[in-house]
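Below you'll find the structure, written out as C-alpha cells, and then a few comments.
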Amino acid sequence: AQKITQTQPGMFVQEKEAVTLDCTYDTSDPSYGLFWYKQPSSGEMIFLIYQGSYDQQNATEGRYSLNFQKARKSANLVISASQLGDSAMYFCAMREGPRNTPLVFGKGTRLSVIA
Amino acid sequence: DVKVTQSSRYLVKRTGEKVFLECVQDMDHENMFWYRQDPGLGLRLIYFSYDVKMKEKGDIPEGYSVSREKKERFSLILESASTNQTSMYLCASRRDRASDEQFFGPGTRLTVL
Chain Y
4 AQKITQTQPG MFVQEKEAVT LDCTYDTSDP SYGLFWYKQP SSGEMIFLIY
54 QGSYDQQNAT EGRYSLNFQK ARKSANLVIS ASQLGDSAMY FCAMREGPRN
104 TPLVFGKGTR LSVIA
Chain G
14 DVKVTQSSRY LVKRTGEKVF LECVQDMDHE NMFWYRQDPG LGLRLIYFSY
64 DVKMKEKGDI PEGYSVSREK KERFSLILES ASTNQTSMYL CASRRDRASD
114 EQFFGPGTRL TVL
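In the order they appear, the protein sequences are chains Y and G. Heads up: the first sequence begins at 4 in my numbering, then just goes up one per residue. Heads up: the second sequence begins at 14 in my numbering, then just goes up one per residue.
This is the structure in C-alpha cells:
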C-alpha cells in the first residue's frame with residue numbers, strides 16, 4: 004500500500020489566489036512527521052514546511068500552511084496569494100516512526116500559476 | 014547554509030559501464046541518502062547511510078551499491094548500467110537521527126544508452 008498519496012497530478016491556479024495541494028498518508032505508528040518540498044524546474048528540492056504528529060497546531064511558514072487533519076490522515080499544503088514563482092512540482096513526504104527513518108515521498112503534484 | 018553537491022548535473026553512459034555518482038556535504042552530517050526520481054513515481058529510496066562505513070538498503074537497491082568511506086562523501090555505484098537506470102538521481106543529507114529535515118543536492122540526470 005502507498006504510504007503517501009497525492010491524488011492531483013497537476014493543478015492550475017490564478018495568480019494571487021490560494022491553492023490547496025492534497026496529501027493523505029498511511030501509518031499505524033503514533034509518531035511520525037510530515038513534510039512538503041518544492042521542486043522548481045531547476046531540479047533542486049526545497050524544504051517548505053514540517054508537521055509533527057504530536058503538534059497541536061497546524062504548521063505555518065509565511066505563505067505556506069499545512070492543514071493537518073489527523074483523524075482523516077491528511078496533510079494538505081495551502082499556498083496563499085499564489086505567485087508565478089510558485090509554479091513547480093510539490094512533494095509530500097513522511098517520516099514514519101522514530102526520527103532515524105528516511106523520508107518516504109509521494110508522486111508529486113505539478114502546480115502551474117497563471118498570470 | 015548546508016551545501017550538498019553532486020559531481021555531475023548531466024551524465025551519459027553506455028549499457029554495461031560501471032558508473033559512479035558522487036555526493037558531498039559540507040556540514041558534518043551523519044546521515045546521507047540516495048533517491049531516484051522518475052515521472053509519475055516520485056522519489057524512491059535506493060540506499061542510505063547513518064554513519065561512515067554504514068549502509069542500509071532502501072526500497073529499490075537492486076542494481077546499485079554504495080560506499081561511505083568518509084563522513085562527507087556518499088557514492089552511488091551502478092555496477093553494470095542498464096537503460097532502465099536512466100533517471101534523475103538525488104542525494105540528500107541530514108544532521109543526525111534526531112533531526113527531521115533532509116537537505117538535497119541539485120541532482121544528476123543520468124542517461125544510459
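The beta-carbon is built from N, C-alpha and C at its ideal position, and this holds for glycine as well.
- Message: My output table needs one value for Thr124 of chain G: the three-state DSSP class, helix, strand or coil.
- Response: Along the second sequence, read from residue 1 onward, the residue named residue 124 of chain G stands at position 111. Three-state result, Thr124 of chain G: strand.
- Could you name the residues of the same chain whose beta carbon sits closer than 8 Å to that of Leu24 of chain G, not counting the 5 residues immediately before and after it, in chain order? Along the second sequence, one-based indexing puts residue 24 of chain G at 11. Once the five neighbours on either side are set aside, the close Cβ partners of Leu24 of chain G are Val32, Leu34, Thr121, Arg122, Leu123, Thr124.
- Query: Of all the CB atoms in chain Y, is at least one closer than 9 Å to the CB of Asp39 of chain G?
  - Reply: Stepping through the second sequence from its first residue, residue 39 of chain G is reached at position 26. For Asp39 of chain G, the answer is no, since every Cβ of chain Y falls outside 9 Å of its Cβ.
- Determine the burial state of Ser71 of chain Y: buried for a count of at least 16 other Cβ atoms within 10 Å of its Cβ, exposed for fewer. As a position in the first sequence, residue 71 of chain Y is number 68, starting the count at 1. It is worth fixing the name first, because residue 71 of chain Y is Phe in this sequence and not Ser. Buried, because 16 or more other Cβ atoms sit within 10 Å of the Cβ of Phe71 of chain Y.
- Taking only the alpha-carbon atoms, compute the straight-line gap between Tyr35 of chain Y and Asn61 of chain Y and give it to the nearest angstrom. In the first sequence, counting from the first residue as 1, residue 35 of chain Y sits at position 32. In the first sequence, counting from the first residue as 1, residue 61 of chain Y sits at position 58. One C-alpha to the other measures close to 15 Å.
- Query: Are Val107 of chain Y and Gln17 of chain Y touching if we call contact CB-CB under 9 Å?
  - Reply: Position 104 of the first sequence holds residue 107 of chain Y. Position 14 of the first sequence holds residue 17 of chain Y. Taking 9 Å as the cut-off, the Cβ atoms of Val107 of chain Y and Gln17 of chain Y do not count as close.
- Extent of the continuous beta strand (DSSP E) to which Gln42 of chain Y belongs: For the purposes of this step, residue 42 of chain Y is taken as the residue at position 39 of the first sequence. Looking at the DSSP string, the run of the beta strand (DSSP E) that includes Gln42 of chain Y is 35 to 42.
- Message: If contacts are defined as beta-carbon pairs under 8 Å, then Arg89 of chain G and Val79 of chain G qualify, I think. What distance do you get, rounded to the angstrom?
- Response: As a first step, residue 89 of chain G is located in the second sequence; it is residue number 76 there, counting from the start. As a first step, residue 79 of chain G is located in the second sequence; it is residue number 66 there, counting from the start. According to the sequence shown, residue 89 of chain G is Leu rather than Arg. About 6 Å separates the two Cβ atoms, so the contact holds.
- Query: Phe94 of chain Y and Gln11 of chain Y look like a contact to me (Cβ under 8 Å); what is the Cβ gap, rounded to whole Å?
  - Reply: Here the question's residue 94 of chain Y lines up with position 91 in the first sequence. Here the question's residue 11 of chain Y lines up with position 8 in the first sequence. Contact flag wrong, Cβ pair sits at about 12 Å.
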